[in-house]
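Going by my numbering, the sequence shown opens with residue 2, and the numbers climb by one from there.
Inspection log for the structure reproduced underneath, given as structure tokens.
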Amino acid sequence: MSKICFLGAGSTIFAKNVLGDCIYTEDIKDLNIVLHDIDEKRLEESRALISHIIKTSGRSDVTLSCNLNRKEALRGASYVVNAVQVGGYDPCTITDFEIPKKYGLRQTIADTLGIGGIFRALRTIPVMKAFADDMEEVCPDALLLNYTNPMAMLTGYMQIHTSIKTIGLCHSVQDCAARLLKDVDMTKYIDKCKWEIAGINHQAWLLKITDLEGNDLYPEIKNRALSSDMNEFKNTDLVRLDMMDKFGYYITESSEHLSEYTPWYIKSNYPDLIEKFNIPLDEYPRRCVEQIEEWAKVQEKLLNDPQIEHEKTYEFASYIIKAMETDIPFRVHGNVLNTGLITNLPQNACVEVPCLIDRNGVNPCFVGELPEQCAAINRTNINVQLLTIKAAATLEKKYIYMAAMLDPHTAAELSMDDIIHMCDDLIEAHGDWLPKYH
């Protein structure tokens, strides 16, 4: 029997996608699903929805239960899916955006890097540590599939400071090449191309893209991107296209994310860049409000439809579990510790590379050197990630300051003194959502 424990199961739609995929994967036999969340109401909503999916699947070898006791939910698990968001939209996301605004620092998503990413990690890592403590006791051999951001910081912490086998999973890689080909009107290659991607989460690089005969597609892609009027891409990824032009390679994550990972696009002294590159400031809070409103509209229908059917998504979890259960290999891009996989990035960094999954677990693939300019940009982000992890591990405030002072966007906008004052304000505002730092 395969036991999946889903932590943060109150994320009802995401739980439906991941667990629905597993339920509709018949090669995952004798499946025992246990849901856990600290919100009893949301937990029950997810239980009702997943229960309907099990019934419509026709499977009799799937069991479902809920447990508010995390350790008991985890006991004996083979796989643990993490989708928690510590502090939620209100109050913590609001705090992550509003206090930096007072210092003139604007953000778009703030869940991966930047001052928002740092503080999201600082309030989430203690929870991840508690997960690891429980797992080491009751399911030490389980594989943790982490979906929570900031991906590199949380996954990196687990890989450096705990014994739990962990892989970080993100959506940005599998859609990268197709999105680029669509933007430059080369859609005929979407299902007829080969590509290689590696780097770090939300900043991995499309290193190669060829047709099925091995012909390089990059020259035509770049010619089309450069020859087109920028307004043609007004509603697409202008920052990514600009970075490809300046540095030679396309990046996996969207422009709204990418714009706050660098010092060049969100600048108070150059406000015209916001319009030029169509950068959606405060995008994540807007999305949160929209998602809350949308859930209110669809909640009753989803939870009360006993005939609800599930269409398989492109989440990797079910494919990973199937590969480990059947020993039929599956290739996925995962976030793992850099054990010489990318030779010009730090050895203790969390990197995003191809991984082969089979009965032996996660087997990361050797990449070698990234183009030097790509590695250089990655290192600016890794600096922040490693210092944030160190801050969380030591509870020393000085490492929070250092992480923030080395953040590319923050450092490009604020003085070191203002960065320190802003961090102090954020620490105070987050209150008990953070452990006590000294």
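All C-beta atoms in this analysis are idealised placements derived from N, C-alpha and C, irrespective of residue type, glycine included.
Reference residue i, options the options, closest by Cα
i, options, result
"Asp217", "Lys166, Tyr190 and Asn202", "Tyr190"
"Ile280", "Leu44, His439, Thr109 and Thr26", "Thr109"
"Tyr90", "Ser12, His311 and Phe331", "Ser12"
"Val139", "Val290, Arg71, Asn361 and Lys391", "Arg71"
"Lys103", "Lys437, Asn147 and Leu415", "Leu415"
"Tyr266", "Leu407, Leu106 and Glu312", "Leu106"
"Asp135", "Thr156, Ile165 and Pro151", "Ile165"
"Asn384", "Met325, Lys399 and Met403", "Met403"
"Glu370", "Trp206, Thr113 and Asp97", "Trp206"
"Lys183", "Pro127, Phe7, Leu242 and Asp359", "Leu242"
"Met470", "Lys399, Asn382 and Thr57", "Nothing in the structure corresponds to residue 470, since the chain is present only between 2 and 439."
"Asp408", "Ile54, Arg380 and Ala430", "Arg380"
"Arg60", "Leu32, Arg225, Glu254 and His410", "Leu32"
"Leu170", "Met187, Thr163 and His203", "His203"
"Ala412", "Asp212, Gly115, Ile161 and Ala49", "Gly115"
"Ala226", "Ile210, Met245, Lys209 and Ala84", "Met245"
"Leu1", "Ile322, His37, Ile378 and Asn345", "With the chain covering 2 to 439 only, the question about residue 1 has no answer from this structure."
"Ile222", "Glu353, Met187, Ala143 and Gly9", "Met187"
"Asn83", "Asp38, Arg287 and Lys56", "Asp38"
"Leu181", "Ile428, Thr167 and Trp196", "Trp196"
"Lys17", "Ile34, Arg288 and Ala179", "Ile34"
"Glu45", "Thr64, Thr57 and Asn68", "Asn68"
"Ala199", "Tyr251, Met159 and Thr263", "Tyr251"
DSSP state of residue i mapped onto helix, strand, coil
i, result
"Val87", "coil"
"Lys30", "coil"
"Asp212", "strand"
"Asp22", "helix"
"Asn382", "helix"
"Ser52", "helix"
"Ser66", "strand"
"Trp296", "helix"
"Trp265", "coil"
"Met313", "Per the sequence shown, residue 313 should be read as Lys rather than Met. Of the three classes helix, strand and coil, the one that applies to Lys313 here is coil, per DSSP."
"Asn432", "The sequence given here has Gly at residue 432, not Asn. Looking at Gly432 - three-state DSSP - the assignment turns out to be helix."
"Val82", "strand"
"Val290", "helix"
"Tyr158", "helix"
"Val185", "coil"
"Lys193", "coil"
"Ile14", "helix"
"Tyr104", "coil"
"Lys251", "In the sequence as displayed, the identity of residue 251 is Tyr instead of Lys. It is a strand residue."
"Asp426", "helix"
"Glu397", "coil"
"Asp306", "coil"
"Arg43", "helix"
"Tyr402", "helix"
"Ile390", "helix"
"Asp273", "helix"
"Ser58", "helix"
"Thr96", "helix"
"Ala153", "helix"
"Lys72", "helix"
"Ala111", "coil"
"Tyr285", "helix"
Residues that residue i bridges to, as DSSP identifies them
i, result
"Gln204", "Ile201"
"Gly77", "DSSP lists no partner for Gly77."
"Asn364", "Leu357"
"Cys177", "DSSP, once it has assigned bridges, lists no residue as partnering Cys177."
"Leu36", "Phe7 and Cys67"
"Ile420", "Note: Ile420 sits in no beta bridge, so no partner."
"Gly369", "Ile343"
"Cys351", "Leu338"
Residue span of the alpha helix (DSSP H) that contains residue i, given as start and end
i, result
"Phe331", "Phe331 -> not in any alpha helix (DSSP H); beta strand (DSSP E) instead, spanning Phe331 to Leu338."
"Lys323", "Ala318 to Thr327"
"Phe278", "Neither: Phe278 is in no alpha helix (DSSP H) and is coded neither H nor E."
"Arg121", "Gly115 to Val139"
"His410", "Pro409 to Glu414"
"Leu219", "Rather than Leu, the amino acid found at residue 219 in this sequence is Tyr. Residues Tyr219 to Ser228."
"Asn241", "Note that residue 241 is Arg in the sequence shown here, rather than Asn. Taken as a continuous stretch (DSSP letters only), the alpha helix (DSSP H) holding Arg241 covers Leu239 to Phe248."
"Leu259", "Ser256 to Leu259"
N- and C-terminal bounds of the beta strand (DSSP E) containing residue i
i, result
"Lys440", "No statement about residue 440 is possible, as the shown extent of the chain runs from 2 to 439 and does not include it."
"Ile168", "Lys166 to Gly169"
"Asn147", "Leu144 to Asn147"
* Is there contact here, the segment 258-277 with the segment 74-83, by at least three beta-carbon pairs under 8 Å? -> Touching, no.
* Asked: So, do the segment 335-343 and the segment 298-314 have three or more beta carbon pairs nearer to each other than 8 Å?
  -> no
* Is the segment 24-37 in contact with the segment 346-353, if contact means three or more CB pairs nearer than 8 Å? -> no
* **At least three beta-carbon pairs within less than 8 Å, the segment 122-130 to the segment 387-394** => yes
* Tell me, please, whether the segment 150-161 touches the segment 431-439 by the rule of three or more beta-carbon pairs shorter than 8 Å. => no
* Can you find at least 3 beta carbon pairs, one from the segment 285-301 and one from the segment 326-335, that sit closer than 8 Å? -> Taking a cut-off of 8 Å for Cβ pairs, the segment 285-301 and the segment 326-335 do not touch, as fewer than three such pairs fall below it.
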